[in-house]
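Worksheet for the structure shown next.
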Amino acid sequence: DIIHCHDWSSAPVAWLFKEQYKHYGLSKARAVFTIHNLEFGAALIAKAMAFADKATT
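FYI, the numbering for the sequence shown is 1428 to 1484, going by the numbering used here.
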């Protein structure tokens, strides 16, 4: 199972998944974060990258 987040608008999903939902039977799922535009949501992007298992551009 993979949760694929795209850009700053879905960035909170990466850390919310790890902090709030992973223990609901989703322990094997991984979060992937793809950055499309660094001009928006820099703080959200930085936090998402810290929590994602993989980050891409």
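Note that CB positions come from ideal geometry on N, CA and C, so glycine has one too.
Residues of its chain near residue i, where Cβ-Cβ distance is below 7 Å and the 5 sequence neighbours each way are ignored
i: P1439; result: L1471
CA-to-CA distance, residue j to residue i, given in whole angstroms
i: D1480; j: A1441; result: 9 Å
i: G1452; j: S1437; result: 22 Å
i: F1460; j: K1449; result: 16 Å
i: A1456; j: A1475; result: 16 Å
i: N1464; j: H1433; result: 10 Å
Sub-8 Å separation of residue i and residue j beta-carbons
i: A1477; j: I1462; result: no
i: G1444; j: I1430; result: In the sequence as presented, Gly is not what sits at residue 1444; that position holds Phe. Result yes, Cβ atoms of F1444 and I1430 sit closer than 8 Å.
Cβ-based neighbour list, residue i, same chain, cut-off 6 Å, excluding 5 preceding and 5 following
i: T1484; result: I1462
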